[in-house]
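These notes concern the structure reproduced below.
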Amino acid sequence: MASNLPPLRAIQAFEAFGRHGSVTAAAKELGVSAGAISQQIRKAEETLGVKLLERRGKTVALGSWGRIYHAEISRGFNQIREAQEILARKRLESGFTISCLPSLAIKWIAPQLFDWQADHPDAAVRLEGTELEPRFGDDQVDFRISYGAKVQEFDHYSELFTDWVVPACSPALLAKYKLRRPSDILSMPLLGIEWDRSHSLLPGWPEWAASIGEHYSKTSGELTLSLSSAAIDAAVNGRGFVLAQLSMSADEIASGRLVVPFNQRLRMSHAYFLAWDRAALEKPYGPELRTWITSISRRQEAFAANWTPPPVKAG
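Numbering-wise (the working numbering), the sequence shown opens with residue 5 and increments by one.
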């Protein structure tokens, strides 16, 4: 018996014939003529040195050697078909997981995701707020929104926007004090934000004080919170001044829940960025979701560049 393998097309034709029991059906499945199926099966027989088919009256069926050979090669073709089905299901899954820094997830992208979801009702989106950077391929994450030097951990990414911080507080707190100049804020109750140590050069009260030509040293009266979103909420509740990021506090400022007595804002040292798993772009709506995140980031950049605080009403 010859040791050479038959051509793949010959094996494929024979496998289809054995599965359907008909030359015509095999030809229809593979998109070729019945004559081509018969020719490929003869090539397989010539290479193998055995007769795979036998004639039974007016019909042709698998012979004894054909049944043995078909049973073995069918295992491989079944595995190929199963692998293709798995790949197709994975590719056609419409669900996405967006991993995002917690406060940015809560205050910036989550409120806007409702609009995208309304326009794409067939796509399911899971938003995960975490400081941990995912490993695409190992973790079930499609997109990651993070900050600064963390971008070096990813192969595929684009810059989003660079944020600004402004000193803000509740109207009720501001009504208790007479602030004449920006430096007066430093003597007020202050809310600090404890950034992740891996995020370098992030603005706090010492940096803001330096930007207005003042010196600041932390006192026991400053309360530090681990999340920007929590610090903003505390400021809304009258607990103190916060260096609020515009991306996260625009709604509170526009509605009057927070006020900005002095437009002494400070630009953050690095930009947020979007990273993605290449496989995410092969899913339905994957490229659209990436484009949408980029577009709202451009709007955020333009908004911040032209932003001025609403006038503070006299108490």
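Backbone N, C-alpha and C fix where the C-beta goes; we use that ideal spot for every residue, glycine too.
A quick note: this is a predicted structure, and the numbers were derived from the prediction, not measured.
Query: Within 7 Å (strictly less), CB to CB, does Ser103 reach chain D?; Result: The structure shown has no chain D; it contains just one protein chain.
Query: In three-state terms, what does DSSP make of Glu27?; Result: In the sequence under discussion, the amino acid at residue 27 is Val, which differs from the Glu named in the question. Val27 falls in the helix class under three-state DSSP.
Query: Would you kindly report the start and end of the unbroken beta strand (DSSP E) that includes Phe307?; Result: Careful: Phe307 lies outside any beta strand (DSSP E), inside the alpha helix (DSSP H) at 290 to 309.
Query: Suppose you measure from the CA of Ser215 to the CA of Arg185; what does that come to, to the nearest Å?; Result: 14 Å
Query: Quick check on DSSP: helix, strand or coil for Trp280?; Result: strand
Query: Identify whether Leu247 lies in helix, strand or coil by the three-state DSSP scheme.; Result: strand
Query: Report the option in Trp209, Leu229, Trp199, Glu198 whose CA atom is closest to the CA atom of Ile189.; Result: Trp209
Query: What are the boundary residues of the beta strand (DSSP E) that includes Glu58?; Result: 57 to 60
Query: What are the partner residues of Leu195, as DSSP defines its beta bridges?; Result: Leu227, Val246
Query: Using three-state DSSP, classify Thr134 as helix, strand or coil.; Result: coil
Query: Compare the Cα-Cα distances from Thr312 to each of Val36, Asn267, Trp296 and report the closest residue.; Result: Asn267
Query: Tell me, please, whether the stretch 62 to 74 touches the stretch 20 to 27 by the rule of three or more beta-carbon pairs shorter than 8 Å.; Result: yes
Query: On the criterion of 16 or more Cβ atoms from any shown chain inside 10 Å, does Lys180 qualify as buried, or is it exposed?; Result: exposed
Query: Is Glu218 near Ser187, with beta carbons less than 7 Å apart?; Result: yes
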